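Just so you know, the sequence shown maps onto residues 1 to 102 in UniProt numbering.
Idealized CB from N, CA, C, for every residue including glycine.
This one's a predicted model, so the numbers in the text were calculated from it and none came from an experiment.
One structure below.
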Amino acid sequence: MTDNKENQLNIELTEDVAEGIYSNLAIITHSNTEFVVDFIRVMPGVPKAKVKSRIILTPEHAKRLLHALDDNIAKYESVNGKIDAHDEPPFPMNFGGPTAQA
């Protein structure tokens, strides 16, 4: 029998990280050696948004993340129904507030 303790990874999740950070926009860029994913929170009517978190991945890890997300989305949709991914973002990309009228 193989000792499973050799293959275990102890992962620590601190309280502040466990709270998470809300993001409703992600921007992905890449070079030949890495993928950079910036998670941003955009608020309606606010013309400025800040990057809340940045994740840097190797191309191999980016592809593993893609497959893991695809698998998890398929599992989610099998229980909850198809996710309606609108063609347009849920907020205007000009980031402006209400249009002024005279």
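Legend entry - Separation of leucine 9 from lysine 48, as counted between CA atoms: 40 angstroms
Inset, instruction - For isoleucine 27, collect the residues of the same chain with a Cβ closer than 6 angstroms to its Cβ; drop the 5 residues on either side in sequence, then sort them by chain order. - result: Asp38
Legend entry - Segment contact, 8 angstroms Cβ cut-off, at least three pairs: the stretch 50-63 with the stretch 77-84: no
Inset, instruction - Between the Cα of arginine 41 and those of Ser23, Glu88, Glu12 and Asn7, spot the shortest distance and give me the residue it belongs to. - result: Ser23
Legend entry - Distance, threonine 33 Cα to glutamate 12 Cα: 28 angstroms
Inset, instruction - Give the range of the alpha helix (DSSP H) segment to which isoleucine 56 is assigned. - result: Premise fails: isoleucine 56 lies in the beta strand (DSSP E), 50-57, not in any alpha helix (DSSP H).
Legend entry - Given threonine 29 as reference, the closest of His86, Ile83 and Ile55 once Cα atoms are compared: Ile55
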